[in-house]
Amino acid sequence: MGMFLHIDVFTYVCLWRDAPLGLHWQARVYNAFILPTLLYVAQLEWPDAYVQEEVQGCTVTAAPSALFRLASGPTAWASPMDLWLLRDAYGGAASFHNLAWMAAASQMRVLLCDRGIDGQRQFKEDCAQLRQAWANADALVWIDWYSRSFWLRLQDTDDDLQTRFGTVNDVRIARCASSVPLAEDALWRKQFQATFYHCHVADNLGGDPAGRYRNKFEVWNLGDASIHGRIAGTVRQQTPRHQASRGHSNLLALCPLDPPRVHCAKLGCIWDRWTTAVRYQRLHLSRCLLCAVEGSEDSIKHHCRCRVVRRLFGTRRRLDANAFAGLLA
Numbered sequence: 001m002g003m004f005l006h007i008d009v010f011t012y013v014c015l016w017r018d019a020p021l022g023l024h025w026q027a028r029v030y031n032a033f034i035l036p037t038l039l040y041v042a043q044l045e046w047p048d049a050y051v052q053e054e055v056q057g058c059t060v061t062a063a064p065s066a067l068f069r070l071a072s073g074p075t076a077w078a079s080p081m082d083l084w085l086l087r088d089a090y091g092g093a094a095s096f097h098n099l100a101w102m103a104a105a106s107q108m109r110v111l112l113c114d115r116g117i118d119g120q121r122q123f124k125e126d127c128a129q130l131r132q133a134w135a136n137a138d139a140l141v142w143i144d145w146y147s148r149s150f151w152l153r154l155q156d157t158d159d160d161l162q163t164r165f166g167t168v169n170d171v172r173i174a175r176c177a178s179s180v181p182l183a184e185d186a187l188w189r190k191q192f193q194a195t196f197y198h199c200h201v202a203d204n205l206g207g208d209p210a211g212r213y214r215n216k217f218e219v220w221n222l223g224d225a226s227i228h229g230r231i232a233g234t235v236r237q238q239t240p241r242h243q244a245s246r247g248h249s250n251l252l253a254l255c256p257l258d259p260p261r262v263h264c265a266k267l268g269c270i271w272d273r274w275t276t277a278v279r280y281q282r283l284h285l286s287r288c289l290l291c292a293v294e295g296s297e298d299s300i301k302h303h304c305r306c307r308v309v310r311r312l313f314g315t316r317r318r319l320d321a322n323a324f325a326g327l328l329a
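Given below as structure tokens:
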């Protein structure tokens, strides 16, 4: 898989990374052109640890992974899990796919849908006989090589997913509201791989998205009245926890009303992804691009109190500019 990684993956990344696409279309490009070069092999072979690190890792000291070369931004603007759950946790129209989850789903598709597998019972008997053969041998040459065969890789993946998510029939029934018999479930083969991928997504949704908002809201200093003039809401509504929870619910509520690129731009604002001069520590260029007032700075913290933005809210939207902090959350 190393050859695929360094020749195909990063070649495609270099072709797309500088295109002005926005986060939404960057996710579409990553899923359509970057990962498939690895999934052709990953449907039978498990991706090595170094491959996963170079494709979707988040090592600050090393070179950016393929994931963050495409979803570029300031240092540590997001975590890989944020991008993998962009749709399900934060309301985006698309998420960046996870290589390991896609590999497991692809291997399950090969095991249960490929014509090269005669049947589940025969497959398991063959695997058991293969394991028994080297268990009885005193000294089997290349035992490590045999243990990493495609045949046993598929069985290991099947055992792991059944332990985590239940039987295949349980997963099939859980994907829809009604219990449809397998013979009448015409869409099952088409939705098989996507269903197992979403099992991995649902398994990782147990975190606290509002907690991520609370962490990202710190840059705005929403509780500082000296910056925002007046903090709207009751004492409870002014707490960081309530502001983060309301910010999360508001963004999810606006998702059906916004085009995907607009929604990702809003998320990028909260996530401090905007490429301001202060964010990139270019302080000599740190004058606001909107008001251009001497002493202002090109930063997220200034934008929420910039006089041009405040005037826009008052004249075009008839909103209280002094309560701008309340509009964020």
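The sequence shown begins at 1 in UniProt numbering and counts up by one. Where is the CB? At the ideal position from N, CA and C, for every residue including glycine.
Which value, in whole angstroms, describes the spacing of the CA atoms of Ala62 and Met81?
For Ala62, the predicted model reports a pLDDT of 47, less than 50, meaning its position is unreliable; a value from the coordinates is still stated below. Roughly 19 Å separates the two Cα atoms.
In chain order, which continuous runs of the alpha helix (DSSP H) of length 4 or greater are located wholly inside the segment 167-250?
Taken in chain order, the unbroken stretches of alpha helix (DSSP H) that lie wholly in the segment 167-250 and span 4 residues or more are 168-174, 188-203, 209-217 and 225-228.
Whose CA, out of Asp158, Ser65, Glu294 and Ala94, lies closest to the CA of Gln52?
The residue among Asp158, Ser65, Glu294 and Ala94 with its C-alpha nearest the C-alpha of Gln52 is Ser65.
Compare the Cα-Cα distances from Leu290 to each of Leu39, Asp170, His302 and Asp144 and report the closest residue.
Nearest C-alpha to Leu290: His302.
Do Lys216 and Asp272 have their CB atoms nearer than 9 Å?
Contact: yes.
Tell me the DSSP secondary structure of Val60 in three-state form.
The pLDDT assigned to Val60 is 43, lower than 50, so where the model puts this residue is not dependable, and the model offers no usable value.
For Phe150, does the count of other Cβ atoms within 10 angstroms reach 16, so buried, or fall short, so exposed?
With fewer than 16 other Cβ atoms inside 10 Å of its own Cβ, Phe150 counts as exposed.
The alpha helix (DSSP H) enclosing Thr37, as first and last residue numbers:
Taken as a continuous stretch (DSSP letters only), the alpha helix (DSSP H) holding Thr37 covers Pro36 to Ala42.
Of all the options Val235, Ala265 and Thr157, which has the alpha carbon lying nearest to the alpha carbon of Trp46?
Among Val235, Ala265 and Thr157, the Cα nearest to that of Trp46 is on Thr157.
In this structure, how does DSSP classify His97 when only helix, strand and coil are distinguished?
In the three-state reduction of the DSSP assignment, His97 falls in the coil class, being assigned neither a helical nor a strand state.
Sequence-distant residues of its chain with Cβ nearer than 7 Å to Asp18 (five each side left out)
Counting only residues of its own chain and dropping the five nearest sequence neighbours on each side, Asp18 has no CB closer than 7 Å to any other CB.
Less than 8 Å between the CB atoms is what I'm expecting for Glu297 and Arg311, so what's the real figure, rounded?
Between Glu297 and Arg311 the beta-carbon gap is near 18 Å, outside 8 Å, which marks them as no contact.
Should the segment 257-265 be called in touch with the segment 22-31, which here means at least 3 C-beta pairs below 8 Å?
Yes, the segment 257-265 touches the segment 22-31.
What is the DSSP secondary structure of Cys304, counted as helix, strand or coil?
Of the three classes helix, strand and coil, the one that applies to Cys304 here is coil, per DSSP.
Where Thr59 and Gly73 are concerned, what is the direct C-alpha to C-alpha distance, given to the nearest angstrom?
Per-residue confidence for Thr59 stands at a pLDDT of 48, beneath the threshold of 50, marking its modelled position as unreliable; no derived number is given.
In chain order, what residues of the same chain lie with their CB nearer than 6 Å to the CB of Cys255, ignoring the 5 residues before and after it?
Correct list, in chain order: Gly91 and His263.
The segment 107-121 touching the segment 238-247, judged by at least three CB pairs closer than 8 Å
Taking 8 Å as the limit for Cβ pairs, the verdict is that the segment 238-247 does not touch the segment 107-121.
Would you mind working out which of Cys127, Asp160, Leu112 and Ala71 sits nearest Trp101, comparing C-alpha positions?
Each of Cys127, Asp160, Leu112 and Ala71 was checked against the Cα of Trp101, and the nearest Cα belongs to Asp160.
Cutoff 7 Å; reference Ala89; Cβ partners in own chain excluding five residues on either side:
Within its own chain, the residues whose Cβ lies closer than 7 Å to the Cβ of Ala89, once the five positions on either side in sequence are excluded, are Leu205 and Pro209, listed in chain order.
Closest to Asp48 by C-alpha separation, out of Cys306, Thr11 and Ala103, would be which residue?
It is Ala103.
Could you give the C-beta distance for Val201 and Leu85, rounded to a whole number, given that I count them as a contact under 8 Å?
Sure, about 7 Å apart at Cβ, within 8 Å.
Taking a contact to mean a Cβ-Cβ separation below 9 Å, would you say Val55 touches Leu35 in this structure?
In contact: Val55 and Leu35 (Cβ atoms closer than 9 Å).
Taking the Cβ atom as the reference point for each residue, do Tyr213 and Ile173 lie within a distance shorter than 9 Å?
In terms of Cβ geometry, Tyr213 and Ile173 do not form a close pair [threshold 9 Å].
If you measure between the beta carbons of Gln155 and Phe123, is that distance less than 9 Å?
At a Cβ-Cβ threshold of 9 Å, Gln155 and Phe123 count as neighbours.
Near His97, which residues of its chain fall below 8 Å by C-beta distance, leaving aside the five closest residues on each side in sequence?
Excluding sequence neighbours, His97 sits near Tyr30, Asn31, Leu35, Trp84 and Tyr197.
Quick check on the DSSP output: the alpha helix (DSSP H) that includes Glu297 runs from which residue to which?
That residue, Glu297, is in no alpha helix (DSSP H); it is neither H nor E in DSSP.
To the nearest angstrom, how far is it from the Cα of Ser299 to the Cα of Gln281?
Just so you know, the alpha carbons of Ser299 and Gln281 end up roughly 10 Å apart.
DSSP state of Ile143, grouped into three classes?
Here Ile143 sits in helix by DSSP.
Taking Cβ positions, are Leu99 and Ala42 nearer each other than 9 Å?
Contact flag set, yes.
Three-state secondary structure (DSSP) at Gln281?
If DSSP states are grouped into helix, strand and coil, Gln281 belongs with coil.
Between the Cα of residue 330 and the Cα atoms of Ala265, Ala194 and Asn250, which residue gives the shortest distance?
It is not possible to answer for residue 330, since the shown part of the chain is limited to 1 through 329.
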